[in-house]
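For the sequence shown, numbering that gives the first Met the number 0 begins at 0 and goes up steadily by one.
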Amino acid sequence: MGQEQRRARRFSVSMAVTLILRDTKNRLILADPLPGTLLDISFYGARLSVPHIRTGRYHLFYACNDDQAKVIQLEVIDKHGGERLVLPAHPVWFDHVFSSPSKHFELGLEFLVPPEDPNIAKLHAFLADQPPVAGGWLKRLFRLA
């Protein structure tokens, strides 16, 4: 079996995020927000852990694949500054992890914005800048940009 080739380097992280299922055509939030944990990220997408794959009456993976107008918003909140960073994404795979005591799901997302998007750059700048700095991380990102 050959070695897997990726478009960009992945960075391992552990960060709380929120997933919001939206209908971009009608500008609606379709279900309650779903908490998750960002496991790794690249310039093109991310891998997350979520406690369940359904939110409300929607399955995160199938709802988006059945209707291209449905997207997942990956939301990261700066708890200190009260600011938020939002990236639109589309699910490309999911897996139920039975070997874990929590039996969580892992979800692969592809960002719907190009790698040059300022929000992706800001998120990567935050992840690369792990030493504590005074103020919220989102404010530090704006100073870096």
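C-beta: ideal position from N, C-alpha, C; glycine also.
Going by the beta-carbon positions, is the gap between P50 and Q72 smaller than 8 Å? Position 51 of the sequence shown, counted from the first residue, corresponds to residue 50. Position 73 of the sequence shown, counted from the first residue, corresponds to residue 72. Not a contact, by the Cβ cut-off of 8 Å.
Would F74 pass as a contact of V85 if the rule is Cβ separation under 8 Å? Numbered from 1 along the sequence shown, position 75 holds the residue referred to as residue 74. Numbered from 1 along the sequence shown, position 86 holds the residue referred to as residue 85. Checking the sequence, you will find Glu at residue 74 rather than Phe. The answer is yes: Cβ separation under 8 Å.
Would you list, in sequence order, the uninterrupted beta strand (DSSP E) runs of no fewer than 3 residues that lie entirely inside the region 88-129? 104-110
Among the candidates L20, P114, L122, whose CA atom is the shortest distance from the CA of F60? Taking the first residue of the sequence shown as 1, we reach residue 60 at position 61. Of the listed residues, the one whose Cα sits closest to F60 is L20.
Cα separation between L122 and P32? In the sequence shown, counting from the first residue as 1, residue 122 sits at position 123. In the sequence shown, counting from the first residue as 1, residue 32 sits at position 33. Rounded to the nearest angstrom, the two C-alpha atoms are 20 Å apart.
Would you kindly work out how many angstroms separate the C-alpha atoms of L111 and H89, rounded to a whole number? Working through the sequence shown from its first residue, we reach residue 111 at position 112. Working through the sequence shown from its first residue, we reach residue 89 at position 90. If you take the alpha carbons of L111 and H89, they lie about 7 Å apart.
When we look at the beta-carbon of I28 and count the other beta-carbons within 10 Å, is it buried (16 or more) or exposed? Taking the first residue of the sequence shown as position 1, residue 28 is located at position 29. Result: exposed.
Taking the straight line between their C-alpha atoms, what separation do you get for S11 and L37? Against the sequence shown, residue 11 aligns to sequence position 12. Against the sequence shown, residue 37 aligns to sequence position 38. Spanning the two alpha carbons is a distance of roughly 9 Å.
Do L47 and G55 have their C-beta atoms closer together than 8 Å? For the purposes of this step, residue 47 is identified with residue 48 of the sequence shown, where counting begins at 1. For the purposes of this step, residue 55 is identified with residue 56 of the sequence shown, where counting begins at 1. Not a contact, by the Cβ cut-off of 8 Å.
For the candidate residues I40, F93, Y57, whose alpha-carbon lies nearest to that of M14? As a working mapping, residue 14 is identified with position 15 in the sequence shown. For M14, the nearest C-alpha among the options comes from I40.
Measure the alpha-carbon distance for I76 versus V16 and round it to whole angstroms. Against the sequence shown, residue 76 aligns to sequence position 77. Against the sequence shown, residue 16 aligns to sequence position 17. Each residue's alpha carbon lies about 7 Å from the other.
When DSSP labels each residue in this structure, what does Y57 get in the three-state scheme? Along the sequence shown, one-based indexing puts residue 57 at 58. Three-state DSSP puts Y57 in a strand.
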